[in-house]
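Chemist:
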Amino acid sequence: MSEGMVSSDAVSGTGAVRSGHAFDERRLAEWLAGRVPGLGASLRVEQFKGGQSNPTFKLIAGDGRAFVMRRKPLGTLHASAHAVDREYRVLTALGNDGFPVPRTIGLCTDDDVIGSWFYVMEMVEGRIFWDSDLPEVAREERAACFDSMNDTMARLHATDFAAIGLADYGKPGNYVERQVARFSRQYLADADAGRFEAMDRLIEWLPANMPPEQGRSIVHGDFKPDNMVFHPTEPRVIAVLDWELSTIGDPVADFAYNVMMYRMPAGLANAVISPDPVSRGLPGEADYVAAYCRRTGRESLPHLTYYIAFNMFRLAAIVHGIHGRMLRGSASSAHAHVAIKRLVPLAEAAWEQAQRAARGE
Numbered sequence: 341m342s343e344g345m346v347s348s349d350a351v352s353g354t355g356a357v358r359s360g361h362a363f364d365e366r367r368l369a370e371w372l373a374g375r376v377p378g379l380g381a382s383l384r385v386e387q388f389k390g391g392q393s394n395p396t397f398k399l400i401a402g403d404g405r406a407f408v409m410r411r412k413p414l415g416t417l418h419a420s421a422h423a424v425d426r427e428y429r430v431l432t433a434l435g436n437d438g439f440p441v442p443r444t445i446g447l448c449t450d451d452d453v454i455g456s457w458f459y460v461m462e463m464v465e466g467r468i469f470w471d472s473d474l475p476e477v478a479r480e481e482r483a484a485c486f487d488s489m490n491d492t493m494a495r496l497h498a499t500d501f502a503a504i505g506l507a508d509y510g511k512p513g514n515y516v517e518r519q520v521a522r523f524s525r526q527y528l529a530d531a532d533a534g535r536f537e538a539m540d541r542l543i544e545w546l547p548a549n550m551p552p553e554q555g556r557s558i559v560h561g562d563f564k565p566d567n568m569v570f571h572p573t574e575p576r577v578i579a580v581l582d583w584e585l586s587t588i589g590d591p592v593a594d595f596a597y598n599v600m601m602y603r604m605p606a607g608l609a610n611a612v613i614s615p616d617p618v619s620r621g622l623p624g625e626a627d628y629v630a631a632y633c634r635r636t637g638r639e640s641l642p643h644l645t646y647y648i649a650f651n652m653f654r655l656a657a658i659v660h661g662i663h664g665r666m667l668r669g670s671a672s673s674a675h676a677h678v679a680i681k682r683l684v685p686l687a688e689a690a691w692e693q694a695q696r697a698a699r700g701e
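If you want my numbering, it's the 1-based position in the sequence shown plus 340.
1. Per DSSP, I662 forms a beta bridge with which residues?
2. Tell me S776's beta-bridge partners as DSSP assigns them.
3. Could you spell out where the alpha helix (DSSP H) holding R522 opens and where it closes?
4. With 16 as the cutoff for other CB atoms within 10 Å, does R634 come out buried or exposed?
5. The alpha helix (DSSP H) that contains Y632, what's its start and end?
6. Which residue from M652, L546, F570 puts its Cα closest to that of D562?
7. For a quick check, are the C-beta atoms of E553 and Y597 less than 8 Å apart?
8. Alpha carbon to alpha carbon, how far is P617 from Q693?
9. If you reduce the DSSP assignment to three classes, tell me which class K389 lands in.
10. Please report the distance separating the alpha-carbon of F536 from that of R654.
11. Can you tell me the Cα-Cα spacing of I400 and P551, whole angstroms?
12. Looking at the unbroken beta strand (DSSP E) that takes in L447, where does it start and where does it end?
13. Evaluate the contact criterion for the stretch 494-505 versus the stretch 436-444: three or more CB pairs, one atom per stretch, below 8 Å.
14. Would you call K511 buried or exposed, if buried means 16 or more other Cβ atoms sit within 10 Å of its Cβ?
15. Using the rule of at least 16 other Cβ atoms within 10 Å of the residue's Cβ for burial, across every protein chain shown, is V586 buried or exposed?
16. By the DSSP assignment, the alpha helix (DSSP H) with M489 in it spans what residues?
17. Determine, using beta carbons only, whether W371 and V424 come nearer to each other than 8 Å.
18. Quick one: what's A401 bridged to in DSSP?
19. If you reduce the DSSP assignment to three classes, tell me which class E574 lands in.
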């Protein structure tokens, strides 16, 4: 296994609450009991192993019902990051519209309860695939899993965000421009995490070569197999998780993040590592893109490679931020020290995609 990867056993499931993440479980049980009829005061808390951003916990009631809590991490945070209130808002709006997300229970903005803002949602039981090659899925069902993921993203991008109360969920227009500026600022401001040549090149190249915006929709921002719950036995998505990066933005940029799995450097998490995906029962990149275009009424995606370069840059900037938080002692995952080894390969892959885009590929 590559140094930049974490085994699925290390990031899936739950364990004991990690050092530095403990809170007053009695206060949480009291808060939750006021929102879930018949819950009672008994509550067992475990922490999910995966995740680099908002610490996430499994809450098990005495009657066996399970819930998930996501909270802001402690320590120094970027001003616009870790907005659990935004996650709660988009989950609630989409759930009310019938989109596959967990049902929300409540949002707490009172730091006195557990020390930071948090929200609670129902736990959706199913399968989460940490490897984009889907090795644990029967070969004949892998294409159907990918097709359900593709269909779910197209459905998200077709959602009338104004009609479900999210007209003001993001700033109007210039999504990629604002994202590049935001993550460039965060990268440059985090002196603890250091500077990297490929990142510095991208900060200059991306704004100078930006294509026109391709539309406006709800964008998830981190749409990949391990942020979805698949049905326990069927090849279909039943819940989309982790909406921290969601906003109103360019749907093609959002889709490109999903397609990025086909072009990730070998050995990094979320990569389709097979050189011949079709031989493993997966759709090839061209077919996957064509399916999205068909569902969204597009003839093609001419700027896809630029958008993939942008998404790799953004992901590298996020990993750079994790590196800084780790050095300051506030990274939320026990495996942050492994994740930072993705930074240089990601940044170099992003620069390679930028060069491909410049060549018109």
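Using N, Cα and C, we set each Cβ at its ideal position, and we do this for glycine too.
Modeler: A quick look at the data gives this:
1. As computed with DSSP, I662 is found in no beta bridge at all.
2. Because the chain in this structure spans residues 341 to 701, residue 776 falls outside the shown range and cannot be described.
3. From DSSP, the alpha helix (DSSP H) with R522 extends over 515-529.
4. The residue is exposed, with fewer than 16 neighbouring Cβ atoms inside 10 Å.
5. For Y632, the enclosing alpha helix (DSSP H) starts and ends at 625-636.
6. Per the C-alpha coordinates, the member of M652, L546, F570 positioned closest to D562 is M652.
7. No, the Cβ-Cβ distance between E553 and Y597 is not below 8 Å.
8. If you draw a straight line from the Cα of P617 to the Cα of Q693, it is about 20 Å long.
9. The answer is coil: DSSP assigns K389 none of H, G, I, E or B.
10. Cα to Cα, F536 sits roughly 14 Å from R654.
11. Across the structure, I400 and P551 are spaced so that their CA atoms are roughly 48 Å apart.
12. Note, L447: beta strand (DSSP E), 444-448.
13. Inter-segment contact for the stretch 494-505 and the stretch 436-444 is present: three or more beta-carbon pairs are separated by less than 8 Å.
14. Here K511 is exposed. Its C-beta has fewer than 16 other C-beta atoms within 10 Å.
15. The sequence as given places Ser at residue 586; Val does not occur at that position. S586 is buried by the Cβ-count criterion.
16. Per DSSP, the continuous alpha helix (DSSP H) segment holding M489 begins and ends at 479-498.
17. No, the pair does not count as a contact, with Cβ atoms beyond the cut-off.
18. DSSP lists L383 as partners of A401.
19. In the structure shown, E574 sits in coil (DSSP, three-state: anything other than H, G, I, E or B).
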